[in-house]
Amino acid sequence: MDALENYILQHLDPEDPLLNTLFRETHLTQINPRMATGHIQGRALVMFCRMLQPKRILELGTFTGYATLCMASVLPPDGELHTIEIDDELEAMIRRFFVQSSDGAKIRLHIGNTLDIIPQLQGPFDLVYMDADKRQYTEDYEAVLPLVRKGGFILADNTLWGDKVLSEPHSGDKQTAGIQRFNDHIAHDHRVEKAIIPMRDGLTLLMKK
């Protein structure tokens with residue numbers, strides 16, 4: 007942990023104990039624990055949700071559920087959050103933590119490919135959080151946009167991808183290529199307003215007109 011990150015952590019609201027346990031277990035059991043949202047970005051998501059006050063959220067890419075629980079904590083009692091995770095081996099761990107959360111009843115977990123499940127969902131959604139397969143970000147975006155209400159938001163994570171977007175990816179780096187294709191796609195999409203926040207790996211905010 008670098009000095010600036012440590013400074014930020016010392017000046018945030020404390021991490022929820024369940025989230026802290028989830029984060030530690032993710033690092034102990036998963037091959038790519040860096041994919042977990044973590045306290046800094048988790049708090050940012052909470053604040054975005056407090057500002058936007060969504061009632062229905064769709065999340066693409068659950069991983070172990072850290073961001074899911076952060077966003078669900080801000081939903082009203084009758085709110086709902088649908089989250090899609092492709093890795094069925096994570097399902098037991100995800101459900102175990104959702105059951106422990108007081109907000110777990112608001113969450114609907116779907117296991118499978120986002121492009122297979124999105125057409126089965128009913129809109130409108132107030133907020134979509136994209137953090138799934140970077141190779142199909144553009145396709146995911148086009149699939150969810152019709153389900154977003156007018157004035158609703160899409161938050162797309164990892165859109166700067168450790169600054170890799172600045173260079174031509176090598177032939178096997180399909181994730182960087184997918185993010186570059188998505189960024190180019192939305193830059194010319196007049197159906198949405200957009201801004202990019204250089205937080206962590208980049209977070210793109212899109213508002214549907």
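Here the sequence shown is numbered in my numbering, starting from 7 and rising by one per residue. We put the beta carbon where it would ideally sit given N, CA and C, even for glycine.
A Cβ-Cβ contact shorter than 7 Å links L66 with I90. DSSP, reduced to helix, strand and coil, places H191 within a helical segment of the structure shown. Looking from the CA of L121, the closest CA among A111, L96, L151, G48 belongs to L151. Closest option to S108, judged by alpha-carbon separation, among L133, E97, L81, Q126: L81.
Cβ-Cβ separation between Y72 and G110: approximately 14 Å, too far for a contact (criterion under 8 Å). Excluding its 5 nearest sequence neighbours in each direction, K156 has C-beta neighbours in its own chain below 8 Å: K214, K215, listed in chain order. Rounded to whole angstroms, I123 and L209 show a C-alpha spacing of 24 Å. A Cβ-Cβ distance of about 17 Å is found for the pair L127 and F159, leaving them out of contact under the 8 Å criterion. In the three-state scheme derived from DSSP, where H, G and I count as helix and E and B as strand, E95 is classed as helix.
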